[in-house]
Amino acid sequence: MEDESVLTKKSLYDSDKIKVLEGLSAVRKRPSMYIGSTDENGLHHLVYEVVDNSIDEAMEGYCSSIDVTLNQDGSVTVRDDGRGIPVSVHPQYKKSGVEIVMTKLHAGGKFDRKSYKVSGGLHGVGVSVVNALSEWLVVKVRRDGKVYRQDYRRGEVMSDLDIVGEFEGKSGTETTFMPDSDIFETLEFDYRRLKERMRELAFLNKGLRITIKDEISGASHEFHYEGGIIEFVEYLNREKEPLHQGVIYFSDRMNGVQVEVAMQYLAHSYSTNNVYPFANNIHTIEGGTHLTGFRAGLTNTLKKYADENGYGKDMNLTGDDFREGLTAIVNVKLPEPQFEGQTKMKLGNSEIRGIVQSILGDKLMIYLEEHPKVAESVMSKAIMAAKARTAARKAKDLTRRKGILGSIDLPGKLADCSNPDPKTSELYIVEGDSAGGSAKQGRDRTFQAILPLRGKIINVEKARIDKMLDNKEIRSMISALGTGFDDEFKPEETRYHKIIIMTDADVDGAHIRTLLFTFFYRYMKELIDFGYLYMAQPPLFKIKRGRKEQYVYNEREKREVLEEWGGRGVSIQRYKGLGEMNPRELWDTTMNPENRILARVTIEDAEEADRLFDILMGKEVEPRREFIEDNASQADDIDI
Ligand code: 0RA
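If you count the sequence shown from 1, you need to add 692 to reach our numbering.
In structure tokens, the structure reads:
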């Protein structure tokens, strides 16, 4: 029994640990400062923030289970079986620990918890930010046999911390919040996206059980991995043929930093881009010192092993050769992470580079010596990669000599714009010739260029650069963009600052979009970082009554318009594809800057596409079924 009554001395001490800084009105004034944006990314960030608090409790060893529920009314509940937020009264603030946690903004430090907090960047801003941005929030704490509850509206306290019951069994915290429609552009949670993050967190925190349930669609998942990141690598490689049996795994601590690495090569993958770095549970998509340390450690060790064992003698094996086909998770946990970069997803702590490099170096060398068969296949794979690299260079030189990638020769299918200024020029990449034709006729040719793509572009993950350059659609795109490619890629030379992918709102369109995202993500990532890549949003329906007509972009809008107009004499036309719209309609709905909706593609979107890629394209039926099931609630939006 820790706090028998809410005012014992011991319990005063609990809340004393909580540092209090400032109020919440600032959060409602400038939400983006705290959660990045008020679009769907910001919305999902709310869930991550609440879950992060439970994850902190799990990292300290007090919580074994976290349940996330998307409720019928649009609110979200996060429940954990940790110690429960302290309920005792803080001597200075004369408020309970719960109220302080929920209403005071914390900068850094948060609570004086000993372990590696999820903090830095946009993460770890505190659950009070979620409270401030919620129409209402209810927190329930189970501690010392009692159930406590407090209610809030838009961050303001609406009730005391009341005792509402008793319980037996595990303590814990339960938070339910309703995102505020005054703040967020959308209130719709994407189950699949939340599910993927919960899966990731379960992989990164071995033994932790995380469940997620959507009360609307009925979908639910449970994640629990005793193998942690070993199972993460197995999962990433699940539909592919590994080069060697088993996942190579190391873990160690040095100077208070915990490092774990899991890795496995694939037999038929040529990508050098499948090393995923995490710091304190945050996927650091911009990399950082842990990633450079990993790369240096991997290259040095494998090169040393090659030299000592007579592999690849007259070849200059490079880091890329050793990373070809490698899937790896690098997971570090450190006391004071510094997150930097455009998206605050790059680890900055300089000491981490050496720590990761030295741990990896030592352990990998021992592993190779103990597993000469695995070492042998890794060596031959790297040698093959080096040979292919030489062949690819020759192919590229040839292509270059023919002028195909030079910006002088624009592809024949491109209908370019007359404006020469990239800043105000747009390139529409359009699926299919018929839609391409409509777009060419409908566009404003002064600043809008159209590139129609025929059929599917090739699977960029599985193709080497030389094969990729054989593909006409890929070559057209590269030369239209004018950026060059690969080691000569110059993103700043793009001829358009808006590159707009325009595909049908059906499953085929989603495929092509996924392929294009994956291409940009893997080969032209900077264009995404710069914010140049967009998705056009064609309407799904045209609703008409008499002379009045309106385009709507999703089912919800359709319902709203139908309700507003009442029932009689209304006709609804569904657009199955872009090709069904005439040039005028396409311009009005999708291309005219005055009316159109453009969605900027973020690195997160592209990453998601990259992950989805295997699901949509792979041979396995089960993950594809799962994808379609997860999206069942949107089934009337997509045309499955
Ligand atoms: C501060 C101190 C303690 C626990 C927590 C906060 C805590 C916060 C959250 C938020 C969601 N779930 C949580 N679980 C715990 C330690 C209290 C003690 O010493 O008993």
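Built from N, CA and C at the ideal position, the CB exists for glycine as well. Quick caveat, the model's predicted, so the values are computed rather than measured.
Inset, instruction - Starting from the Cα of M751, find the closest Cα among L738, G1004, D773 and G1040 and give me that residue. - result: Minimum Cα distance to M751 is reached at D773.
Inset, instruction - Look at Y1194 and E1123 and say whether their C-beta atoms are less than 8 angstroms apart. - result: In the sequence under discussion, the amino acid at residue 1194 is Met, which differs from the Tyr named in the question. Closer than 8 angstroms, so yes.
Inset, instruction - Return the CA-CA distance between V856 and D872, expressed in angstroms with no decimal places. - result: One alpha carbon belongs to V856, the other to D872, and they sit about 26 angstroms apart.
Legend entry - Bounding residues of the beta strand (DSSP E) (the contiguous stretch that carries N1163): Taken as a continuous stretch (DSSP letters only), N1163 belongs to no beta strand (DSSP E), as it is neither H nor E.
Legend entry - According to DSSP, residues forming a beta bridge with S912: K905, per the DSSP bridge assignment.
Legend entry - Close-in-space but distant-in-sequence residues of the same chain around G910 (CB under 7 angstroms, 5 per side omitted): Cβ neighbours of G910 within its own chain (closer than 7 angstroms, five residues either side excluded): none.
Legend entry - Buried/exposed call for A959, threshold 16 Cβ in 10 Å: Sixteen is the threshold: since fewer than 16 other Cβ atoms of the shown chains lie within 10 Å of the Cβ of A959, the residue is exposed.
Legend entry - Residues near G1033 in its chain [Cβ-Cβ closer than 7 angstroms; skip 5 each side]: Correct list, in chain order: E978.
Inset, instruction - Give the range of the beta strand (DSSP E) segment to which L1225 is assigned. - result: Segment L1225 to A1228, the beta strand (DSSP E) holding L1225.
Legend entry - When V770, E848 and V1048 are compared against T993, the one with the closest alpha-carbon: Closest option to T993, Cα to Cα, is V1048.
Inset, instruction - Would you kindly check if the distance between the Cβ of G776 and the Cβ of V833 is under 8 angstroms? - result: The Cβ atoms of V833 and G776 lie closer than 8 angstroms to each other.
Legend entry - Nearest to E741 (by Cα), restricted to the options F986, G980 and R889: Considering only alpha carbons, the answer is R889.
Inset, instruction - Would you mind working out which of G1017, I904 and A1202 sits nearest M955, comparing C-alpha positions? - result: Among G1017, I904 and A1202, the Cα nearest to that of M955 is on G1017.
Legend entry - DSSP state of I1191 mapped onto helix, strand, coil: Note: I1191 maps to strand in three-state DSSP.
Inset, instruction - Let me know the secondary structure DSSP gives N745 once reduced to three states. - result: Residue state, collapsed to three classes: helix.
Inset, instruction - Whole angstroms is fine: what's the gap from T700's alpha carbon to L853's? - result: With a pLDDT of 39 at T700, under the threshold of 50, the modelled position of this residue cannot be trusted; read the value that follows with caution. Roughly 16 angstroms between the two C-alpha positions.
Inset, instruction - Compute the distance between the beta-carbons of A824 and V949, then report whether it is under 8 angstroms. - result: Against a cut-off of 8 angstroms, the Cβ pair of V949 and A824 comes out as no contact.
Legend entry - Nearest-angstrom beta carbon gap, I908 and L762 [assumed within contact, 8 angstroms]: The Cβ separation is near 7 angstroms, so the contact holds.
Inset, instruction - Give a yes or no on whether the C-beta atoms belonging to I1192 and E1118 are separated by under 8 angstroms. - result: Yes.
Inset, instruction - Whole angstroms is fine: what's the gap from L716's alpha carbon to E827's? - result: The straight-line gap from Cα to Cα measures roughly 14 angstroms.
Inset, instruction - Determine the DSSP secondary structure at A1197, reduced to helix, strand or coil. - result: Note: A1197 maps to coil in three-state DSSP.
Inset, instruction - State yes or no: is the C-beta of V831 within less than 8 angstroms of the C-beta of V790? - result: It is a contact, given that the beta carbons lie within the stated cut-off.
Legend entry - Residue environment, A1301, which counts as buried when at least 16 other CB atoms sit within 10 Å: The residue is buried, with at least 16 neighbouring Cβ atoms inside 10 Å.
Legend entry - K673 to N1246 span [Cα, whole Å]: In the structure as shown, the chain begins at 693 and stops at 1332. Residue 673 is therefore absent and cannot be evaluated.
Inset, instruction - Inspect the beta-carbon positions of E858 and G837 and report whether they are closer than 8 angstroms. - result: Taking 8 angstroms as the Cβ cut-off, E858 and G837 qualify as a contacting pair.
Inset, instruction - Look at the alpha carbon of A971 and the alpha carbon of Q1133, and state the distance between them as a whole number of angstroms. - result: Linking A971 to Q1133 through their CA atoms gives a straight-line distance of about 50 angstroms.
Inset, instruction - Answer yes if the segment 890-905 comes into contact with the segment 933-941, meaning at least three C-beta pairs across the two stretches below 8 angstroms, and no otherwise. - result: Contact fails between the segment 933-941 and the segment 890-905, because fewer than three Cβ pairs, one in each stretch, are under 8 angstroms apart.
Legend entry - Paired residues, beta bridge with E1032 - DSSP: E1032 is bridged to K1038.
Legend entry - Residue burial classification, I1264 (beta-carbon count within 10 angstroms, cutoff 16): Exposed, since its Cβ has fewer than 16 Cβ neighbours within 10 Å.
Legend entry - Beta carbon of D1162 nearer than 8 angstroms to that of A1141: Between D1162 and A1141, the CB-CB gap reaches or exceeds 8 angstroms.
Inset, instruction - Would you kindly check if the distance between the Cβ of L1290 and the Cβ of L1278 is under 8 angstroms? - result: No. Outside cutoff.
Legend entry - Buried/exposed call for T868, threshold 16 Cβ in 10 Å: Buried is the call here.
Inset, instruction - Name the residue from H782, L886, D1179 and V781 whose alpha carbon lies nearest to the alpha carbon of N733. - result: For N733, the nearest C-alpha among the options comes from L886.
Inset, instruction - Check the C-beta distance from A1298 over to F1212 and give it rounded, since I have them as a contact under 8 angstroms. - result: About 6 angstroms separates the CB atoms of A1298 and F1212; that is less than 8 angstroms, so the two are in contact.
Legend entry - Selection from P1027, R1015, P1112 and G1046 that minimises the alpha carbon distance to M1076: Minimum Cα distance to M1076 is reached at R1015.
Inset, instruction - Note down the Cα distance separating I1021 from D1196, rounded to an integer number of angstroms. - result: The alpha-carbon atoms of I1021 and D1196 are separated by roughly 35 angstroms.
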